[in-house]
Every structure is written in C-alpha cells, then in structure tokens.
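Read left to right, the sequence shown gives residues -25 to -1, 1 to 480 (mature numbering (1 follows the signal peptide of the UniProt record, and there is no 0)).
Cβ coordinates follow ideal geometry from the N, Cα and C atoms, glycine included.
Please read these numbers as outputs of a predicted model, since none were measured by experiment.
The structure appears below as structure tokens.
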Amino acid sequence: MRTGPVTGMLAACVTLAFCPTDVKAQTACSAMLVTDPTSPNFLTGDTPFDHTQDGMNCYGWQMFLSLNWPVESGWPQTPALAGEPDRSVSIAEFGLPGATGQPTQRTTVWQSFMSAPEVFKPFAATPTAWGETTPPPAGCGTGTLAASASGPGRVLNAVSKSAVSPLHDFNLDTGTMSTISDEIEEATGGWLTDQKGNLVFFERLIGKAEYDYIVQKGLYDAANQLSVATNADGTTPEGLSLPTGLRATGSVQSQDDLGAFELKAAWRNLTDFPDLYDRYLTSIAYLEQPDGTCSKAVVGLVGLHIIHKTTSMPDFVWSTFEQIDNVPGAAQPAPGTDFSFNNPNSNAKPNQMPHCTNGVCDYSLPIQVTREVPIPAAVAQTNSDVQQMLAHETGGKSVFQYYQLVNVLWDGAPTPPLPEPGANAQVPLIYGSFQTEASVPMANTTMETYAQQFTPGLGPSCNACHQSATIATSRTLASDFSFLFSTASSRAKLPGLFISSDFVR
C-alpha cells in the first residue's frame, strides 16, 4: 500500500520506468494518491492536496479511486454499511474484473449510495431507508441474461416518460433524455445510442450526508423546501444549505463528515459483449426501454460525474470521468476494440441530437460522437501516470486503468455569505471564479453529448447551469447548486410547483 509521497514516488519510479528529476515529477499524482483505505485521507470530506489545478486534478482521481473502492462486504445485508469502503481490501485488488465472461463481482462504494428516485418519490412519499435496496418492478424480467453477479440491480432509464420541469425548455415529443434535462438548460432533448445500436442508460445517486439532510428536513416534499429556503419558521437562517465536507483530522471520518456527494453515471449495455468486461466497471441492472419493456442486463460504466461540497469549496468541486474507448482522443482502444460512440469510417455529422418524427423514435440508430474540447495535456499526463500506477499495482488487471479524467472545475477563492447560502438566497449563486485545467469548458461526451461547449458567456462549464438550480416551487430560490430538488413532488397541491418527472417511474 502507498503510505506517503516518498514510498509513492519510489513505486511510481518502478512503475513508469523513470526516476523523477524535477519538482513536478516528484509530486506526480500517482505519488500523492492515498491508496491505503485505512488512512484518514482515503475517503475524505475535503481535499488533502494543494489548492492548485494540479492538486484538484489529483483530488478528482482520489475521489474516483475511493468511491470506486469495493463497498463493505456486509452490504446490502446490513444496510447501514452503504457508503463504507471495505478497508480490508488492498490496492492490488482494486477494480479486478470478474471471471471470464462474468461481470464485476464487487459493488463499489458509490453504487451503494441512494438512488435519486428512492429519495424524491411521487406524492412526496417517505424516502427508502439508507442502504436499503428496492426490488425491480414486476414487469422487469430476466431477459436472456444467463450470468449471475452481484450488484444493486437498479432500474435504469434512458428516456423520460412524462413532462419535465418548465424551468427547462424540454419537449418529450422529441425524445427527452433524462440525464440532460436537469443538467443543461439550453438543451432541447435527445438520447444517446452506442455504435452497437444500444441505448445508454443513466442514474443519479446521493451520498449519506446529503441523504440525511434531505430526510431530516423533509426536503423530499416541495412544501418543506420552500419553508427551509425562506426560513419560514426561524430555524433555518442558512436557508437550504447542503452539508459541507470537513478536512480529515487524524482518524477515519464518519459519513456525516464527508459532506454532500452527488454522482451521475452513464452505462452502456454490454450483455452481448463479455469480451469487453475486463475493460469496464460492470454491474447488473434492469433496463427500462422507452417502450416500457424492462430486462436484466450487464452494463458497463462509460461516464461518471462526481460533485462534492467541502469546507474549502462550498460551491462544490466538479470532476468528470469517461471510459477511454468512448471516442477518439489521446487514449485509443486496444487493437480489435471499437470506439463505443464513434465510427471512424462514418460520414455522419457528429454530435447531432436525434429527434422523433411524427411520434416515431428510432432509438437503435447509432449516434456519431466526437470530443469537441480535447482533454488538456496536463490532465492527459496525470491520467497516464495514474493509469500506469493502477496497472502496475494490480498486475495489469484493474478495469480502472481504462478510465480517464476529463477535467476538474473548482473555485480557488470562494466567498460565500455567512450563513451560507442564507435564507431567501436567489439564483444565480455566485461565490467566486471557477477554473479548469487550460481554462476550457468541461463536458462528458456521454452526458453532455450535444452541449459540450455550453452557452457562451455563462462560464466554463457545470456552474454555468448549476448556479441557477432552484427548489421545486420557485424560479428564483436557490437549491445550493443541486438540480435534484426541482424533481420533488408534494403531498399537497402547491401554487407554482414545477415537478420534473425524471425520477418518477
């Protein structure tokens, strides 16, 4: 296990077949990453690294590593263990694929987080208890899947089934993709189909500190959101303020100390391609198709957003990852492996949003995707460094050596109000000036396929939209950068309630 920068540097020297000769090389991300799960800085409430872009890029990888660590083996039998890494696992076991023809056998930490539909339910029903898993609907059959595997087995959707929030100008008749509707205001719909003709499916998840905050304050009910955001009863002068992660102080942190985590994942259907399982984090899921049919499948992770609220970054740190075979770039697929979302021989114009015609939607037509903003050279170097370390530590087996950081968005000098964000806080929430590596827009080709450049003049990326996130009953009251709250329903009819049905099946 890596216990510090000196031993880490020596390991990197062996791994990469070179010895660092300058300061930058001596602080390569592989030398800084905490891979000992018993360390206080392994899964932490705030970055243990410098507040520089290099440090934030490495923190993105630290979050990716710790959140993709195997969850405690007692989950889901013991629901309280959800979100807890298995601290008996070593880096040598990180991301090992299943046996030949079988998907990954261990569920990751983030996969044990609470799925957003289990929190924001129709008619503001009480959220599912933390760590509990819900059986799939009766209509979800086993399909042709013969492989047995562990995993949460959640129901995933590719396309929304009913109208979404008027806060976002979406038209379901054109085929609205659920992963975009609450993320990018200027988007107008669409879905994503890979080059094998299979739809991509999506899910959003919430960490325990944020889950507890939502449940304790009843924020799954839109009426309570309004009360909290406006300090109606005098008990919430901070308004709707998600929990803030704390710096580690010498012992493993509790879930409460980790602060708000929200994740969004994109999954590709790999059921018929077991030869690819050793290049992906794979899982068992129930895929609900646009026509309502539902079947059990093996899915492979192709995109992952991680956003995290910390003491030093109260307006969140935003990182996004992709599987390296998604589209052409610095990292190319292994010989004989095709790009998931790009056909090099296609003459189709890339990144064109699909639409339904006269109510008929061809979800099987592959979408030609390219990356409009190249991954910056410094991030690509960090990726190569970490990928080689993971390959070395696991004997070339870890599936996570086939993932790459796209970029990290963060605010180097936030100046939030006290208390933050304050009662009656209005959108847009702006605490400072965000930055990314090379000051370029940050977008994931699987989740912002059709809006990779974002709206000119609104900022570099995620914050351009999230600073305008509101509670479910208002177009102006802020929800602390989270669009999840606009999906809430209410037990009572409320004037001005705009309910997104992204998470309502």
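Starting from the Cα of P249, find the closest Cα among P72, S65, P54, T462 and give me that residue. It is P72 whose Cα lies nearest to the Cα of P249.
I'd like the ranges of any alpha helix (DSSP H) spanning at least 4 consecutive residues and lying wholly in the region 192 to 257. As far as the region 192 to 257 is concerned, its whole alpha helix (DSSP H) runs of at least 4 residues are 197 to 204, 230 to 233.
Separation of E107 from L40, as counted between CA atoms: Going by the C-alpha atoms only, they are around 24 Å apart.
Here's the rule I'm using: 16 or more other beta-carbon atoms within 10 Å means buried, otherwise exposed. How should N326 be labelled? The residue in question, N326, is buried, as its Cβ has 16 or more Cβ neighbours within 10 Å.
Taking buried to mean at least 16 other C-beta atoms within 10 Å of its own C-beta, is G267 buried or exposed? Result: exposed.
On a Cα-Cα basis, can you pick out the residue from G58, K271, L384 that is closest to T411? Scanning G58, K271, L384 for the CA closest to the CA of T411 turns up L384.
Residues bridged to Y378 (per DSSP): BP columns for Y378 point to Q298.
Under 7 Å between C-beta atoms of A235 and A447: For the pair A235 and A447, the CB atoms are not nearer than the 7 Å cut-off.
Within the continuous alpha helix (DSSP H) that includes F39, where are the two ends? Unbroken alpha helix (DSSP H) run through F39: 28 to 42.
Quick one: using the 10 Å Cβ neighbour count with 16 as the cut-off for buried, is G(-18) buried or exposed? At G(-18), the pLDDT of 36 sits below 50, so the modelled position is not reliable; the number obtained from the coordinates is stated separately. Around the beta carbon of G(-18), a 10 Å sphere encloses 16 or more other beta carbons of the protein chains shown; the residue is thus reported as buried.
Of all the options V348, A309, E213, S287, which has the alpha carbon lying nearest to the alpha carbon of L393? Out of V348, A309, E213, S287, E213 has the C-alpha closest to the C-alpha of L393.
Looking at Y186 and A463, is the spacing between their C-beta atoms short of 7 Å? The answer is no: Cβ separation not under 7 Å.
Please report how far the alpha carbon of S476 lies from the alpha carbon of P92, in whole angstroms. Because S476 carries a pLDDT of 48, less than 50, the predicted location of this residue cannot be relied on, and the following value inherits that uncertainty. The straight-line gap from Cα to Cα measures roughly 10 Å.
My understanding is that A444 touches F456, with C-beta atoms under 8 Å, so please give their C-beta distance in whole angstroms. About 6 Å separates the beta carbons of A444 and F456, which is inside the 8 Å limit, making them a contact pair.
Taking 6 Å as the limit between beta carbons, can you name the residues of its chain near M89, skipping five residues before and five after? Hits under 6 Å: I181, Y186.
Which residue wins for smallest C-alpha separation from A453, given the options A204, I66, L131? Relative to A453, the option among A204, I66, L131 whose CA is nearest is A204.
Contact set for W50: own chain, Cβ-Cβ below 8 Å, skip 5 residues either direction: These residues qualify, in order along the chain: L56, A57, E59, T82, S87, G106.
Rank P416, G30, T13, A418 by C-alpha distance to the C-alpha of A6 and give the top, closest one. For A6, the closest alpha carbon among the candidates P416, G30, T13, A418 is that of G30.
Would the beta-carbon of L365 fall within 7 Å of that of S373? Using a Cβ distance threshold of 7 Å, L365 and S373 count as a contacting pair.
Taking only three categories from DSSP, how would you classify W85? Here W85 sits in helix by DSSP.
Let me confirm a value: A241 is counted as buried when at least 16 other C-beta atoms fall within 10 Å, else exposed. Which label applies? Here A241 is buried, its C-beta having at least 16 other C-beta atoms within 10 Å.
Does the contact criterion of 3 or more C-beta pairs under 8 Å hold for the region 93 to 101 versus the region 397 to 406? No, the region 93 to 101 does not touch the region 397 to 406.
According to DSSP, what are the bridge partners of T445? BP columns for T445 point to A453.
Which residue wins for smallest C-alpha separation from residue 482, given the options T27, E263, T10? Limits of the chain in this structure are -25 at one end and 480 at the other, which puts residue 482 out of reach.
Opposing strand residues paired with E263 [DSSP bridges]: Paired residue(s): N132, C269.
Backbone secondary structure at V354 - three-state DSSP: The answer is helix: DSSP assigns V354 an H, G or I state.
CA-CA distance, F296 and H367? So the two alpha carbons sit approximately 21 Å from each other.
Please classify L142 as buried or exposed, where buried requires at least 16 neighbouring CB atoms within 10 angstroms. Interpretation of L142 is limited by its pLDDT of 32, a score under 50 that renders its predicted location unreliable; no figure is taken from the coordinates.
Quick one: give me the first and last residue of the alpha helix (DSSP H) that S5 is part of. That run of the alpha helix (DSSP H) goes 4 to 7.
Count the other C-beta atoms from every protein chain shown that fall within 10 angstroms of the C-beta of S14, then say buried if there are 16 or more, exposed otherwise. Counting every other CB atom within 10 Å of its CB across the protein chains shown gives S14 a total of 16 or more, marking it as buried.
Mind checking whether R346 and T420 have CB atoms under 7 Å apart? Going by C-beta atoms, R346 is nearer than 7 Å to T420.
Continuous beta strand (DSSP E) stretch holding I181: start and end: For I181, the enclosing beta strand (DSSP E) covers residues 175 to 181.
Residues that DSSP places opposite S315 in a beta bridge: Looking at the DSSP assignment, S315 forms no beta bridge with any residue, so it has no partner.
H367 bridges to which residues according to DSSP? Partner(s): none; H367 has no beta bridge.
Separation of G311 from V(-12), as counted between CA atoms: In this predicted model, V(-12) has a pLDDT of only 33, less than 50, meaning its place in the structure is not dependable enough to derive any value.
Considering Cα atoms alone, identify which of A355, L251, T109, L215 is closest to P54. The candidate whose alpha carbon is nearest that of P54 is T109.
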